[in-house]
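Undergrad: Attaching a single structure in structure tokens format; questions to follow.
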Amino acid sequence: MKRIDRIYEFILENPSTKSIREQLENNEGFTATTISETLDILRNNVSMELNELHRQGKIIKIVGRPVLYFPKRTVEEEIGRVLSDNELEFESCEALLKILKPSIVERSPFDDLIGVNDSLKTPVEQAKAAVLYPPNGLHTMILGQTGVGKTLFANLMYRFSQHAKRLPADAPFIIFNCADYYNNPQLLMSHIFGHVKGAFTGAENDKGGLVEKAEGGILFLDEIHRLPPEGQEMIFYLMDSGTYNKLGETDRTRKSNVLIIGATTENPESSLLKTFMRRIPIIITLPSLEERTAFERVELLKYLLSSEAHRVNKPIRIEDEAAKALIGNTTYGNIGQLKSNIQLVCAQGFLNSFDKDDEILIDFKTLPINIKDGFFHFSNRRKELQAIAEYLEPYTTIFPELNNTLITSDEYEPNFNLYKIIEDKASILMDQGVEDDDIKKFIKMDIDIHLNSFYNKFKNTIHNRENILKIVNEEILNFAEGIEQRIEHQLGKKLNERFLLAFSLHLTSFIKRIESNKPLKYTNIENVVNDQPEAYELSREIKDDIEATFHIRVPNMEVMYLTLLISSLLKEQENARVAVLVATHGNNTASSMVSVAKKLLGEGLVEGIDMPLDQSPKIVLDKLTERAKEMDMGRGLLLLVDMGSLTSFAPVISERTGIPVRSIDMVSTATVIEAVRKSNILDMELDSIYDSLKDFRGYGGYNSDDDTLDSNQKPHAIVTICATGEGTAEKLQLFIENILDTITTDAIKVIPIGLHEMDTRLEQLQEENDILMAVGIQDPKIQIPFIPLERLFGIDGEEQLVSLVKQRNIIVKKGETGRIAKEIIEESLNEFLTYLNPKKTIEILSSFATVLEKKLGYKLDNTFKINLLIHVGCALERMVLNDGLVYREPKTMLETDIFSALEQTNKEVIYKMNLKLTNDELCYLYDILNEIQPEVLS
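Counting in our numbering, the sequence shown runs from 48 upward without gaps.
Shown next as structure tokens:
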């Protein structure tokens with residue numbers, strides 16, 4: 048260890064038993080002399096290294112005799128904020144004492160937060176800095192997945208601001224979830240800002256809003272991404288100027304002193320206006336439960352168990368395997384889901400012991416099946432499981448002691464008392480002479496109904512991860528997720544959404560080639576990585592990780608391809624989408640067109656401005672210029688207009704703003720729909736969209752005869768783009784060829800290429816072929832449609848590919864669809880089935896799905912169908928082995944239409960194989976329908 052590192056480590060690891068304040072009051076601290084004597088280093092050398100540490104900003108220096116030193120981070124923890132570069136040297140101890148405020152030196156509300164000195168250290172420091180920043184604090188955005196504790200964190204910021212005397216004790220803390228009125232933007236805006244009489248239909252009186260209620264305090268806006276653009280504009284005007292207006296008022300004359308804290312589960316870059324985010328100086332990201340340390344996860348489990356023990360006034364004894372299952376079963380709701388699961392198992396444990404005075408026992412064998420699955424979540428993460436196991440005894444007993452409640456209520460606290468429900472129901476049933484076992488069955492159903500209905504609302508869709516797991520195994524995906532976090536941390540940049548899928552597929556393909564002893568063919572691409580030294584160094588580390596994790600040798604040339612993959616998928620390369628702005632004469636012509644496009648295609652980057660016939664062109668030009676600035680996401684703006692002066696605005700707007708703007712006149716609703724589709728769905732470039740629409744005259748066809756003639760003279764082709772052009776690209780080629788075989792007899796080549804050769808190969812391929820589209824991990828940014836890899840494997844990916852083929856006047860026959868789904872199911876069954884032939888089984892499963900859909904009267908979602916049919920395939924093998932699942936819950940579904948449809952499908956399809964799915968297996972299939980598609984039962 049270097050001398051300077053020894054000295055710094057000594058300062059950090061040998062804190063005084065006295066507080067900073069006491070040391071300063073007694074002119075005490077670290078000195079060169081004491082360090083020299085302790086570490087046996089010459090005093091002159093110690094002084095030199097201390098000065099260097101001070102220059103690096105790691106220690107604070109107090110000039111005097113002797114010179115005193117303190118670790119910077121220790122002082123920052125004491126004062127509750129980050130020190131500036133001008134606060135690293137003080138003339139005396141008294142000067143430093145002045146910035147130590149008594150109210151802050153005392154224990155703060157954050158101190159009881161689990162992880163405050165570890166995974167939450169940075170978020171807490173940011174929060175304190177936001178609250179303490181003069182004069183009134185800094186507006187803050189809290190980012191994090193569902194259930195990580197964003198509401199709790201905002202509450203602690205409020206309590207800390209009172210603790211630090213920044214807010215008075217009676218200052219308001221107003222919480223509002225913007226999703227509550229998401230479908231009614233007018234009501235949402237009225238709720239936040241208030242309205243005046245007559246502002247809209249039904250506004251019979253003046254009404255104050257939440258901004259008014261939060262005056263002098265904090266307004267916490269959860270799910271802030273649900274705010275419409277005009278709502279975001281009003282909020283950033285409030286943050287900018289401290290003024291606002293109620294709905295129905297034209298002048299912004301109302302003043303407000305409110306600190307805004309927003310929270311969102313979404314990516315703010317894509318879900319919030321850039322102009323809005325620029326007004327928020329502090330962005331706090333809370334880690335997911337999986338990102339917390341093993342110690343913290345176990346402590347969170349114990350804390351939540353202690354809350355339940357206190358509520359029932361009984362000790363809770365939990366087995367270590369059950370604890371691991373609970374910690375692992377948090378795939379969608381983090382701490383919130385952990386809390387809900389703990390409430391469920393504690394309620395069931397309480398039911399089992401309600402007639403006894405002893406403890407509640409939670410062991411693995413009595414856990415619900417879905418929570419047991421949490422234990423297997425660690426199957427490919429042994430190190431993580433071992434780390435958690437270090438903090439668990441075989442059995443841990445939690446006693447009903449009053450713990451320190453961080454927040455009096457939260458969204459994960461049910462609005463009912465489960466234990467009261469159990470006691471009341473049990474008492475009634477016992478009075479009626481019902482047997483104990485039957486009482487437990489009845490009440491268990493009640494618990495399930497109450498808790499499932501409560502915490503289902505927090506269950507985020509996890510289709511993206513599930514879709515990837517249909518193609519790659521979980522070990523590779525887990526590895527890819529770790530690499531993703533590491534890249535983003537080390538490079539300080541975000542990777543786009545395609546990284547996980549692209550990297551996982553590339554790694555899967557690479558490992559298979561290694562295992563099959565297939566020679567690896569590399570092109571010399573060293574020149575590609577010369578401009579990416581950081582990504583290259585990181586790729587070298589990833590190469591070592593791959594070798595250590597998968598026990599294979601990775602050639603050095605693979606580092607080049609990893610560099611290429613990383614640099615191509617950085618978020619900065621994506622630059623959002625082309626904005627579409629519609630401007631027409633008339634009172635609601637443009638807004639009506641935009642409304643139709645949004646209804647058909649969903650929310651895209653499209654807006655409309657209506658131009659009254661008597662309005663000055665200058666006013667309209669100013670409006671369009673301002674709206675162009677707000678909408679621009681880095682890819683330019685397409686201006687769709689009708690006639691007159693509007694047709695000449697594009698170059699003026701471009702000159703004023705520096706934004707590339709192209710304009711098309713004689714706009715129609717069809718033109719708007721097509722523009723939004725090409726921007727939002729096909730992710731085309733501005734010039735490509737313009738070229739494809741300038742001759743567009745509705746869906747009757749295009750007028751560009753020359754283009755059609757030229758295209759028809761060339762062979763049709765689809766290009767697949769992956770890291771190397773081999774492996775994954777070849778697998779994509781096979782998938783797409785299978786789809787094409789089923790839909791058309793026209794010859795369409797599928798050509799795989801690698802990222803490193805994309806630019807040069809595409810130019811040549813376009814000269815030789817009529818390129819219908821590109822499919823893969825990176826948009827080639829040329830005038831052809833592009834389907835990202837994750838969309839192809841999504842719900843409507845195959846349909847979109849077919850749609851693009853149809854657009855080129857290629858005859859598409861009616862025939863079998865769902866080839867990708869079949870490939871995925873067959874690959875999965877190859878892993879799971881031992882006795883049944885997956886190729887033959889897939890045909891039976893297709894028939895099963897077709898008949899079931901007919902009996903149910905609706906089409907099953909593609910992703911859901913894959914899950915269901917894999918389960919049916921495994922059930923068929925269990926029937927062959929006479930080892931069917933036993934359904935232990937009450938069979939209340941036997942008389943339902945859904946169960947009847949399953950029975951009929953069983954008879955019409957499965958009986959033909961001389962097999963029969965048992966009623967128990969059908970009950971599980973019913974549960975899958977009920978759990979994944981609850982609307983089936985409505």
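Using N, Cα and C, we set each Cβ at its ideal position, and we do this for glycine too.
Bear in mind the structure is a predicted one, so any value in this text is a computation, not a measurement.
(1) How is the beta strand (DSSP E) around P835 delimited, first residue to last?
(2) By the three-class DSSP mapping on this structure, what secondary structure does E936 have?
(3) Under 7 angstroms: does the beta carbon of L71 sit that close to some heavy atom of the ligand SAM?
(4) Within 10 angstroms of the Cβ of D753, are there 16 or more other Cβ atoms? Answer buried if so, exposed if not.
(5) Would you mind sorting T198 into buried or exposed? The rule is 16 or more other CB atoms within 10 Å of its CB.
(6) Please list the segments of the beta strand (DSSP E) lying wholly inside the stretch 332-418, counting only runs of 3 or more residues, in order along the chain.
(7) Assuming N224 is part of the alpha helix (DSSP H), what are its boundary residues?
(8) Could you check how far apart the C-beta atoms of G184 and R154 are, in whole angstroms? I think they sit under 8 angstroms.
(9) Where Y284 and T704 are concerned, what is the direct C-alpha to C-alpha distance, given to the nearest angstrom?
(10) For the candidate residues L899, M731, Y905 and T791, whose alpha-carbon lies nearest to that of P835?
(11) So what does DSSP say about P118, is it helix, strand or coil?
(12) What does the alpha-carbon distance come out to for the pair K119 and E125?
(13) For a minimum of 4 consecutive residues, which ranges assigned as the alpha helix (DSSP H) are wholly contained in the stretch 584-643?
(14) First and last residue of the alpha helix (DSSP H) that includes V723?
(15) For the beta strand (DSSP E) holding I106, just list the boundary residues, first then last.
(16) Cα separation between R42 and T85?
(17) Between the alpha carbons of L333 and G191, how many angstroms are there, rounded?
(18) Buried or exposed: N388, going by 16 or more other Cβ atoms within 10 Å of its Cβ?
(19) Applying the criterion that 16 or more other CB atoms from any shown protein chain within 10 Å of the CB defines a buried residue, is S663 buried or exposed?
(20) Work out the CA separation of V643 and I706 for me, nearest whole Å.
(21) So, G256 versus G241, is the Cβ gap smaller than 8 angstroms?
(22) Just reading off the alpha helix (DSSP H) that K665 is part of, what are its end residues?
(23) What are the partner residues of H210, as DSSP defines its beta bridges?
(24) Who are the Cβ neighbours of V606 in its own chain at under 6 angstroms, not counting the five residues just before and after it?
(25) Here's the rule: buried if 16 or more other CB atoms are within 10 angstroms of the residue's CB, otherwise exposed. What is G104?
(26) Just to confirm the assignment, what range does the beta strand (DSSP E) spanning G309 have?
(27) Looking at the unbroken beta strand (DSSP E) that takes in E654, where does it start and where does it end?
(28) Could you pull the start and end residues of the beta strand (DSSP E) that Y442 belongs to?
(29) Among D287, D712 and S317, which residue has its Cα nearest to the Cα of L306?
(30) Can you tell me whether DSSP reads I736 as helix, strand or coil?
(31) In chain order, what residues of the same chain have a beta carbon less than 6 angstroms from the beta carbon of I418, not counting five sequence neighbours either side?
(32) Flag this pair as yes or no: are the beta carbons of A764 and K796 separated by less than 8 angstroms?
(33) If you check the beta carbons only, do V714 and T596 fall under 8 angstroms apart?
(34) Please classify G272 as buried or exposed, where buried requires at least 16 other C-beta atoms within 10 Å of its C-beta.
(35) In terms of alpha-carbon separation, which member of P362, E141 and L802 lies closest to L609?
(36) Quick one: what does DSSP say V195 is sitting in, helix, strand or coil?
TA: In brief:
(1) F833 to P835
(2) coil
(3) Ligands are entirely absent from the displayed structure, and the ligand SAM is therefore not among its contents.
(4) Note that D753 scores a pLDDT of 40, beneath 50, so its modelled location is shaky and nothing firm can be said.
(5) buried
(6) 363-366 and 407-409
(7) From DSSP, N224 is part of no alpha helix (DSSP H) but of the beta strand (DSSP E) over F220 to N224.
(8) Contact doesn't hold; Cβ gap of about 21 angstroms is too wide.
(9) Between Y284 and T704, the C-alpha separation is close to 21 angstroms.
(10) P835 has its Cα closest to that of M731, out of L899, M731, Y905 and T791.
(11) It is a strand residue.
(12) 10 angstroms
(13) You should have 604-615.
(14) T716 to V723
(15) I106 to I109
(16) Shown here, the chain extends from 48 to 985; a query on residue 42 therefore has no answer.
(17) A straight-line Cα-Cα distance of about 5 angstroms links L333 and G191.
(18) Result: buried.
(19) The residue is exposed, with fewer than 16 neighbouring Cβ atoms inside 10 Å.
(20) 27 angstroms
(21) Contact annotation: G256 and G241 have beta-carbon atoms nearer than 8 angstroms.
(22) P664 to M678
(23) In the DSSP output, where bridge partners are listed per residue, H210 has none listed.
(24) S586, R587 and K590
(25) exposed
(26) Element bounds for G309: L306 to T311.
(27) V653 to M658
(28) Y442 to I445 is the extent of the beta strand (DSSP E) around Y442.
(29) Each of D287, D712 and S317 was checked against the Cα of L306, and the nearest Cα belongs to D287.
(30) helix
(31) A372, N376 and N388
(32) Taking 8 angstroms as the cut-off, the beta carbon of A764 is found closer than this to the beta carbon of K796.
(33) no
(34) Going by the sequence as given, residue 272 is His instead of Gly. Buried: at least 16 other Cβ atoms inside 10 Å.
(35) L802
(36) coil
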